[in-house]
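A.B. asks:
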Amino acid sequence: MFAYIVRRLLLMIPTLFGIMVLNFLIIQAAPGGPVEQMIQKIKGTGVSATDRVSGEGSELLSARSQTTQSASQGSKVYRGAQGLDPQFIKRLEKMYGFDKPLPERFYLMMKSFVLFDFGNSYTSGRPVVDLIIEKLPVSISIGLWTALITYLVSIPLGIAKAVRDGSPFDIWTSAVIIAGAAIPEFLFAILLIVLFAGSEYFHWFPLRGLTSENWDQLSLWGKIADYLWHMTLPLIAMIIGSFASLTLLTKNSFLDQINQQYVVTARAKGLTERSVLYGHVFRNAMLIVISGFPAALVGILFAGSLLIEIIFSLDGLGLLGYEAVINRDYQVVFATLYSFTLLGLVINLIGDALKMVIDPRIDYEAREV
37 MFAYIVRRLL
47 LMIPTLFGIM
57 VLNFLIIQAA
67 PGGPVEQMIQ
77 KIKGTGVSAT
87 DRVSGEGSEL
97 LSARSQTTQS
107 ASQGSKVYRG
117 AQGLDPQFIK
127 RLEKMYGFDK
137 PLPERFYLMM
147 KSFVLFDFGN
157 SYTSGRPVVD
167 LIIEKLPVSI
177 SIGLWTALIT
187 YLVSIPLGIA
197 KAVRDGSPFD
207 IWTSAVIIAG
217 AAIPEFLFAI
227 LLIVLFAGSE
237 YFHWFPLRGL
247 TSENWDQLSL
257 WGKIADYLWH
267 MTLPLIAMII
277 GSFASLTLLT
287 KNSFLDQINQ
297 QYVVTARAKG
307 LTERSVLYGH
317 VFRNAMLIVI
327 SGFPAALVGI
337 LFAGSLLIEI
347 IFSLDGLGLL
357 GYEAVINRDY
367 QVVFATLYSF
377 TLLGLVINLI
387 GDALKMVIDP
397 RIDYEAREV
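So in this note's numbering, the last one in the sequence shown is 405, and the numbering has no gaps at all.
1) Could you tell me how far apart the beta carbons of Y2 and M56 are, in whole angstroms, since I believe they sit closer than 8 angstroms?
2) Would the stretch 283 to 290 count as touching the stretch 302 to 321 if we require 3 or more Cβ pairs under 8 angstroms?
3) Throw me the rounded Cβ distance for the I63 and Y366 pair, which I believe falls under 8 angstroms.
4) On the CB-based measure, 16 or more other CB atoms within 10 Å of its CB, does V164 come out buried or exposed?
5) Using the rule of at least 16 other Cβ atoms within 10 Å of the residue's Cβ for burial, across every protein chain shown, is I362 buried or exposed?
6) Counting C-beta neighbours from all protein chains within 10 Å, is the total for G306 16 or more, i.e. buried, or is it exposed?
7) Suppose the cutoff is 6 angstroms on Cβ atoms and the five residues either side in sequence are ignored; what does the same chain contact list for I213 look like?
8) Taking 7 angstroms as the limit between beta carbons, can you name the residues of its chain near R141, skipping five residues before and five after?
9) If I measure Cβ to Cβ from A360 and keep anything under 6 angstroms in the same chain, skipping five residues before and after, which residues do I get?
10) With a cut-off of 8 angstroms on the beta carbons, I'd call L350 and V174 a contact; round off their distance for me.
11) Looking at the secondary structure, which residues open and close the alpha helix (DSSP H) in which T308 lies?
12) Kindly list the residues whose CB is nearer than 6 angstroms to the CB of Q293, restricted to its own chain and excluding five residues on each side of it in sequence; keep chain order.
13) In the DSSP assignment, what are the bridge partners of N156?
14) Strictly by DSSP, which residues pair up with A233?
15) Is A66 helix, strand or coil when you go by DSSP?
16) Are T209 and M274 close, meaning C-beta to C-beta below 9 angstroms?
17) How long is the line joining the alpha carbons of I185 and W265, rounded to whole angstroms?
18) Grab me the residues of I272's own chain with a C-beta within less than 7 angstroms of its C-beta, minus the 5 sequence neighbours each way, in chain order.
19) Relative to the C-alpha of M267, which residue among Q123, I178, I49 and K130 is closest?
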């Protein structure tokens, strides 16, 4: 197993590099980069009450009056640059690193990313690492709790449905989980808010945030209760749509194994149904479930919670990445992409290692990666 893990770790390098190259080229080709964003703010066409301009950008905003008739050079490259001094445009390019060729910009970015030096956000001026660390607890809370509860409920439910295949229990539970999966998460979240979070019906749960304003004054048990109180509605909204696929996957996997010849042989030897189910079938049936866990966890952590974070005002990584794309904050976009991709590759490797632990018959060493 050790040699396989080493090969997979080495394979991560070109994989990560290829993903970063592809996304770097796509994002660079998209219109409305950081320079154009700053130009719009300077000319007053992109400023709002919530805009935050950092560092040298605030100084550049004061140069709004630096206009010349020869500014047509800037307008050939950037939309809205007409009327601004070409030297001023060059200062903007230098500030954002756009005064260098594309390959050099990518090289410098990857060189710093290898050391996990993500630079500063174009929008807020804060270190990107600090932003990620600040938002990480929210996304981890939502993702881990969602994955944990989903697996703890869906796997036993899928096994029970497989054992009782075709029974009224199987039919009714299938109807319930499919109905739950048919409701989009964000619509269900809005329904929960209307019913249970301060509307005309019930006011049982908070409307927004991960903790209360008096969090620091609460005792340890008070903090735990407050945290769980805030997490209840977001978790219900996230979990309701995750049950169906995992439950049905578990059921079908167990049904496939139950009909195998080795199960018939085990029963013929006089083993109890419980011994057959959990001593023989479980190990083989769980392989397909475990193989999908890494992708499911990454999806829940960094993608699935975006709308939930917006609806419940949870300031997590999903919201951070969305705002970075909208604001063309390339430092945050590439830093989160790099971090998420690296974490996804590591989690996939952990998933493969778990499959080898559960079933020693799986030998990745015997084949090429």
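Even for Gly, the Cβ is constructed at its ideal location relative to N, Cα and C.
Since this is a predicted model, take the numbers as computed values, not measurements.
C.D. replies: Per the coordinate set shown:
1) Residue numbering for the chain in the displayed model covers 37 to 405; residue 2 lies beyond these limits and cannot be assessed.
2) yes
3) Position 27 of the sequence shown holds residue 63. Position 330 of the sequence shown holds residue 366. I63 to Y366, Cβ: 7 angstroms. Contact.
4) As a working note, residue 164 is residue 128 in the sequence shown. Answer is buried; the Cβ neighbour count reaches 16.
5) Here the question's residue 362 lines up with position 326 in the sequence shown. I362 is exposed by the Cβ-count criterion.
6) Taking the first residue of the sequence shown as position 1, residue 306 is located at position 270. Flag for G306 reads exposed.
7) Here the question's residue 213 lines up with position 177 in the sequence shown. Closer than 6 angstroms at Cβ, skipping near neighbours: F279, A280 and T283.
8) Within the sequence shown, the letter at position 105 stands for residue 141. For R141, where only same-chain residues beyond five positions count, the Cβ hits under 7 angstroms are G133.
9) As a working note, residue 360 is residue 324 in the sequence shown. Excluding positions up to five away in sequence, the list reads V368 and V369.
10) To locate residue 350, count along the sequence shown from 1; it is residue 314. To locate residue 174, count along the sequence shown from 1; it is residue 138. Indeed they touch by this definition, with Cβ atoms about 5 angstroms apart.
11) Along the sequence shown, one-based indexing puts residue 308 at 272. Segment: none, T308 is in no alpha helix (DSSP H) and carries neither H nor E.
12) The sequence position of residue 293 within the sequence shown is 257, counting from 1. Correct list, in chain order: V317, N320 and A321.
13) As a position in the sequence shown, residue 156 is number 120, starting the count at 1. Bridge partners of N156: P163.
14) Along the sequence shown, one-based indexing puts residue 233 at 197. Bridge partners of A233: H239.
15) Here the question's residue 66 lines up with position 30 in the sequence shown. The answer is coil: DSSP assigns A66 none of H, G, I, E or B.
16) Along the sequence shown, read from residue 1 onward, the residue named residue 209 stands at position 173. Along the sequence shown, read from residue 1 onward, the residue named residue 274 stands at position 238. No; because the gap between Cβ atoms is not below 9 angstroms, this pair is not in contact.
17) As a first step, residue 185 must be located in the sequence shown, where it is residue number 149. As a first step, residue 265 must be located in the sequence shown, where it is residue number 229. Taking the straight line joining both Cα atoms gives about 16 angstroms.
18) Within the sequence shown, the letter at position 236 stands for residue 272. Result list for I272: L228, in chain order.
19) Taking the sequence shown and counting its residues from 1, one reaches residue 267 at position 231. The shortest C-alpha separation from M267 is found at I178.
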